[in-house]
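A.B. asks: Structure below; questions to follow.
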Amino acid sequence: MLATPLPMFARIIRLVDQRPLSALVIAHRRLLAMESSACVDHGWAWFCYGWAALHGEKVSEGLAALQQAQALFAQHHDQAGMWDCRQALLVGRWLQGEGVSLQQAWQPVIEAHLRLGGARAAAEAQIYQLIHLNYLKRYQAVLDLAATIAPHLTTAPQFVAGRFMRIVAIANAGLGAFTKAKQGLDQALYASQQAKAWVDVAKCLRERGFIADRQEHYADAVADLQQAMTWFNRLGMPLYAALCQRALGLALSRIGHYDQGLRFNLAARSSFRMLDRPDLAAGCDQNIGVIAHYVRLPLIAQSAYQRALAVYQARSSTYDSCVLQRNFALLQINQGNGQLALDLLGAIQPLVLALDDQLELGEFYEALAQAWHCLGAVDQAQRFFDQAIVCFEAIGNQINIAKCQLGQAWLMLETGNWQLAQALLAQAQVWLLEHPTHRWRCHYGLGYCAAQAGASGRAMAEYIAACGIVAQLRQALSSEHASSAIFAQAQQLYHDTIRLALAQANSNLAWQLIEQQRALVLNRQMRCLPLAFDPDLAEEDQRYHARLSSLTQPTAGHEHVEALFADYINFLIQARHTLEGSLADLAIDRPLEVVCGELDEAFDGDWTWLGYSQLGDDLLIITLYAGQITVIRQPIDRRFCELLGLANSFTDHSILYEDWSFLSQAAPFAELRALSDRLIPSVVKQRLHQNHRLLITPCTKLHQVAWAALLVNQQRLCQTCIPQIIPSLGTWSWLQARQSLGTEALLLGCDNFGERADALPHIQAELRVVAQQVTIPVSTLFGAEATGVAVLKLGQAGLLQRFRHIHIATHAQLIAARGLLAHIKLVDGDMFYNDILNLRLAGATVVLSTCDGSLSETLLGEEVLSLSRAFLAGGAREVLANGWKTSDSGVVELMRLFYHYLAYPNDGATALAMAQRTLLESDDPSQAAVLVWGGFQVVGAGTLAQWPSAQIPSISVGD
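Those letters in the sequence shown? Residues 0 to 958, per numbering that gives the first Met the number 0, in order.
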């Protein structure tokens with residue numbers, strides 16, 4: 000500083016560097032004490048308050064106070080005070096995000112300090128100019144200017160020396176001199192600690208974390224950034240805490256913690272927006288785009304990048320725009336647009352070369368290599384990988400060298416040179432241990448090389464390691480679409496691994512691998528405590544619901560569905576990852592004997608599991624019983640596809656299941672028998688009897704099969720056993736431990752929807768019938784009381800946990816066959832999939848007496864989206880739902896029978912099978928028709944019926 004204020008003000012100014020909030024409180028107290036004074040000391044009171052406010056990140060308040068101080072200094076002709084104020088005002092403008100134009104304003108301030116206070120005063124003032132130059136990423140200019148002022152700081156206070164060393168270290172890091180930068184930061188940290196300049200200590204830790212991040216030493220980066228964030232929170236500096244949050248998010252995402260990466264960046268973006276710093280919020284959008292790029296969600300990545308680019312271009316931020324353009328190119332490469340990527344990279348090449356940044360130049364060459372690889376130009380790709388490695392070697396960045404070697408290895412594999420590929424992969428793997436996104440590709444490549452060498456055992460070990468990493472990456476996400484996108488990247492690995500397991504006749508391993516990748520997001524959702532969105536997110540969610548609900552109107556066109564759906568997925572991925580649920584251990588590898596023991600205990604040993612998985616042009620049918628696993632390969636030939644097409648017909652289920660095509664067939668139900676024979680092996684048919692539990696885990700199009708209506712041993716499947724759908728054996732294990740806490744039943748019915756949908760005149764009668772069968776206290780929400788608002792409020796308050804049974808009779812629908820858009824219609828609007836996830840049920844049996852309640856969308860990696868799955872994730876133990884459209888009058892008798900058998904007590908699967916059998920035995924063709932009962936299925940836990948069927952009082956249709 001130029002001026003020499005009174006000691007009490009000097010102490011406040013010094014305290015700003017140690018505890019800015021304490022300094023702000025004391026400064027405010029001094030200001031109030033001098034409120035009526037017009038002397039120059041009053042100006043210093045305003046200055047101290049403004050300077051403390053700037054450092055306490057109350058920038059607007061600080062600037063206003065400094066302007067008051069400047070006016071008082073001018074009134075008393077205090078030149079030194081005026082120039083100190085002017086310098087502080089420049090710092091405030093920088094904190095507001097002002098860019099290149101601000102640099103011109105520093106020179107008059109520096110000259111005044113030189114004229115009035117000498118070289119050291121000018122040098123101390125120039126430190127703030129250096130900070131701003133670093134902010135502008137003009138690193139060489141920082142080093143050039145620092146060299147001229149360093150001699151004048153030899154007698155500066157220790158905290159000033161520490162700050163100067165930190166600034167120089169940042170510039171060195173920006174130019175890729177990481178070793179030099181790290182040494183400088185260590186020295187700066189020590190000096191700041193000795194001076195007790197805690198703000199500078201926190202900033203040193205933050206910058207050291209940034210350097211570790213750029214060197215891809217992520218464990219070190221996370222440790223330093225977390226420590227820095229703790230300091231900034233303690234010091235009351237939310238902007239710097241958010242900067243740490245943003246960097247932490249990116250570092251964590253790069254080691255596979257995508258959920259935490261998104262959560263930290265979303266939180267930081269919210270903070271920056273509240274602090275009116277769109278330039279810093281743009282960095283969060285850029286990071287969100289990078290995470291979406293890793294996961295392979297291109298629309299989300301592109302949207303995030305475009306938001307960031309608009310800010311960078313408006314602020315003439317050349318460096319950030321350049322990096323973002325490279326990211327856009329990488330996005331195009333992932334989509335197979337190699338030429339467009341080359342065009343984008345060519346446009347920024349002069350800028351990259353002018354940066355004199357070896358790290359950025361290396362990443363630019365690496366992107367060029369990937370673009371040429373995408374175009375199939377192996378020689379060009381190899382050349383640019385080599386150039387990238389030279390750049391990374393110059394700065395000692397082994398991680399990026401390893402990534403280039405990984406890229407080169409896959410080039411070699413594609414050209415058949417697996418020996419060279421193996422050597423490259425072995426070198427790369429050593430450096431990629433903390434980078435699961437790349438590590439699984441290393442394992443896969445090494446496994447492929449081993450397979451080429453005939454070492455099938457070693458190949459399998461590498462494949463298994465790769466599959467395990469992919470599963471861990473998937474289960475870290477709360478989005479079905481994100482999880483599926485990761486699986487899509489590794490689908491060939493998955494197929495190669497299972498094929499090798501089958502070639503080795505290792506059915507147990509094939510089963511484990513298939514189970515490992517099933518329903519991972521559902522498993523995560525069931526283990527997480529539900530957390531409602533904050534008010535802002537909840538409001539945005541409702542706006543999306545309103546727009547989506549408009550698409551369900553009879554007159555609505557679907558031309559904009561895809562764009563709106565993409566926006567909604569983007570919103571949900573970000574909104575879900577702002578929440579941090581309580582997550583139990585997600586063990587994905589469960590020993591076979593443990594699984595069989597749990598099933599034996601639940602079903603008294605009388606059970607069979609049928610699992611399905613598509614492997615290229617084959618359907619794998621996996622059977623498990625008596626501790627033994629067998630795998631059968633069923634070709635998916637043209638005939639099988641025709642049969643599945645009939646089974647999945649959304650327009651007329653009667654063709655297959657009622658055999659309306661009998662006149663064109665050689666025998667009755669020929670097509671249904673053919674489909675049943677392909678889906679259910681003979682060895683399973685031999686085990687079936689009326690009380691045998693058949694647990695079914697479908698895949699792909701098999702989710703839409705009406706399993707109960709298949710023909711086995713001259714009978715419908717529901718007559719020969721108790722069919723029960725489970726998402727996976729691991730999911731079943733969790734669900735069967737979910738005991739119901741409820742002692743009441745809730746009946747929810749809606750019969751009139753205005754112009755939104757057709758009326759359902761028989762709903763009230765259905766609710767009366769159900770109420771008569773239920774043997775526990777009943778609460779009813781019908782008509783005007785059947786609102787989504789009421790249900791959601793009950794869920795948020797935990798009041799739905801009172802109910803053992805929840806019966807919902809209304810319309811249900813999928814929009815454009817999109818599972819996330821599945822919803823049930825209530826009197827005040829639609830309750831969507833994501834609402835249901837947060838209902839906080841406690842092991843209830845949920846009955847969806849609706850059309851399309853179990854209709855689903857199946858994403859790659861067996862992430863299934865349906866209302867049934869949503870209720871399981873929301874806390875239900877089992878869900879009865881219909882995959883077909885049916886009349887509300889036709890379902891009343893089925894529900895009466897279902898609740899009659901459920902009351903004895905039975906689980907849902909047993910009660911449904913017995914109700915279906917009773918209808919089949921009816922003399923009334925309208926009740927026995929498969930369209931009445933065939934589409935219903937129970938998905939969930941199930942337990943052994945506590946009453947043998949012979950002891951349950953018989954009941955007939957209409958009794």
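Glycine is no exception: its CB is placed at the ideal position from the N, C-alpha and C atoms.
Small disclaimer: the values here were computed from a predicted structure and weren't measured.
1. In the DSSP output, what is W439 paired with across the bridge?
2. Nearest to R916 by CA position, among T719, Q800 and Q259, is which residue?
3. Going by C-alpha distance, which of W883, K884 and Q936 is nearest D906?
4. Kindly indicate the opening and closing residues of the alpha helix (DSSP H) around F72.
5. With a threshold of 16 other CB atoms inside 10 Å of the CB of R523, please say whether the residue is buried or exposed.
6. Between E362 and R325, is the Cβ-Cβ spacing less than 9 angstroms?
7. According to DSSP, simplified to helix, strand and coil, what is R632?
8. Once the 5 residues before and after G615 are set aside, which same chain residues still bring their CB inside 8 angstroms of it?
9. Would you give the residue range spanned by the alpha helix (DSSP H) that W883 belongs to?
10. What are the complete alpha helix (DSSP H) segments, minimum 4 residues, inside the segment 124-188?
11. Which residues does DSSP list as the beta-bridge partners of A811?
12. Sort A758, S867 and H804 by Cα distance to H822 and report the nearest one.
13. When every heavy atom of the ligand SAH is checked, does at least one fall within less than 8 angstroms of the C-beta of A180?
14. If L144 sits next to A122, beta carbons under 8 angstroms apart, how far is it from one beta carbon to the other, in whole angstroms?
15. Can you give me the Cβ contacts of L585 inside the same chain, cut-off strictly under 7 angstroms, excluding the 5 residues immediately before and after it?
16. In this structure, does DSSP put L238 in helix, strand or coil?
17. When you compare each of Q17, W82, W43 and Q66 to H54 by their alpha carbons, which one comes out closest?
18. Use the C-beta contact count for T942: other C-beta atoms within 10 angstroms, 16 or more gives buried, fewer gives exposed.
19. In whole angstroms, what is the alpha-carbon distance linking N232 and G288?
20. If you drop the 5 nearest sequence neighbours on each side, which residues of the same chain put their C-beta closer than 7 angstroms to that of L101?
21. Who are the Cβ neighbours of H27 in its own chain at under 7 angstroms, not counting the five residues just before and after it?
22. What residues are listed by DSSP as bridge partners for W606?
23. Could you tell me how far apart the beta carbons of L358 and I394 are, in whole angstroms, since I believe they sit closer than 8 angstroms?
24. Which of helix, strand or coil does DSSP assign to F831?
25. Quick check on the DSSP output: what are the complete beta strand (DSSP E) runs of length 3 or more inside the segment 743-772, in order along the chain?
26. Counting C-beta neighbours from all protein chains within 10 Å, is the total for M7 16 or more, i.e. buried, or is it exposed?
27. What residue range does the beta strand (DSSP E) around V863 cover?
28. Leaving out five residues on either side along the sequence, give the residues of the same chain with a beta carbon under 8 angstroms from the beta carbon of A487.
29. Hey, I807 and S848 are a contact pair by Cβ (cut 8 angstroms); roughly how many whole angstroms apart?
30. Among T622, D284 and I628, which residue has its Cα nearest to the Cα of P697?
31. L224: which of R245, F870 and G235 sits nearest, CA to CA?
32. Can you grab the Cα-Cα spacing for the pair A940 / T809, in whole Å?
33. Tell me which residue opens and which closes the alpha helix (DSSP H) that D199 is part of.
34. Quick one: residues in its chain with C-beta nearer than 8 angstroms to the C-beta of L582, no 5 flanking neighbours on either side, listed in chain order?
35. So, do the segment 400-417 and the segment 376-390 have three or more beta carbon pairs nearer to each other than 8 angstroms?
36. Which stretch, first to last residue, makes up the alpha helix (DSSP H) that contains V560?
C.D. replies: The short version:
1. Its beta-bridge partners do not exist; DSSP assigns none.
2. In this structure, T719 is the residue among T719, Q800 and Q259 with its C-alpha nearest to the C-alpha of R916.
3. Taking D906 as reference, the option from W883, K884 and Q936 with the minimal CA-CA separation is Q936.
4. Counting along the chain, the alpha helix (DSSP H) containing F72 begins and ends at V58 to Q74.
5. Result: buried.
6. Yes, these two residues count as a Cβ contact at 9 angstroms.
7. Strand.
8. So the list reads H494, once near-sequence residues are dropped.
9. No alpha helix (DSSP H) contains W883, which DSSP labels as neither H nor E.
10. With a minimum length of 4 residues, the continuous alpha helix (DSSP H) runs that stay inside the segment 124-188 are 138-148 and 157-173.
11. The partner list for A811 (beta bridge, DSSP) reads I823.
12. Taking the Cα of H822 as reference, the smallest distance to any Cα among A758, S867 and H804 is reached at S867.
13. Ligands are entirely absent from the displayed structure, and the ligand SAH is therefore not among its contents.
14. For L144 against A122, the beta-carbon gap comes to about 10 angstroms, at or over 8 angstroms, which does not count as contact.
15. Legend: pLDDT at L585 = 46, less than 50; position of this residue unreliable, no value from coordinates given.
16. Three-state result, L238: helix.
17. Of the listed residues, the one whose Cα sits closest to H54 is Q17.
18. Classification for T942: buried.
19. Roughly 27 angstroms separates the two Cα atoms.
20. Same-chain partners within the cutoff: L89, R92, W93 and H131.
21. These residues qualify, in order along the chain: Y48.
22. For W606, the pairing in a beta bridge is given by DSSP as R692.
23. At roughly 6 angstroms, the Cβ-Cβ gap stays under 8 angstroms, so L358 and I394 are in contact.
24. Looking at F831 - three-state DSSP - the assignment turns out to be strand.
25. The segment 743-772 contains, as complete beta strand (DSSP E) runs of 3+ residues, the segments 743-748 (chain order).
26. That one is exposed.
27. Note, V863: beta strand (DSSP E), E862 to S865.
28. Counting only Cβ-Cβ distances below 8 angstroms, and skipping sequence neighbours, we find R295, L859 and G860.
29. Cβ atoms of I807 and S848 come within 8 angstroms of each other, at about 7 angstroms.
30. Ranking T622, D284 and I628 by Cα distance to P697 puts T622 first.
31. Checked all of R245, F870 and G235; the closest Cα to L224 is R245.
32. Computed Cα separation, rounded: 24 angstroms.
33. Start and end: W197 to R213.
34. In this prediction, L582 has a pLDDT of 45, which is less than 50 and means its spatial position is unreliable; nothing more can be read from the coordinates.
35. Counting Cβ pairs under 8 angstroms, three or more are found: they touch.
36. Judged by DSSP secondary structure, V560 falls within the alpha helix (DSSP H) whose first and last residues are V560 to R575.
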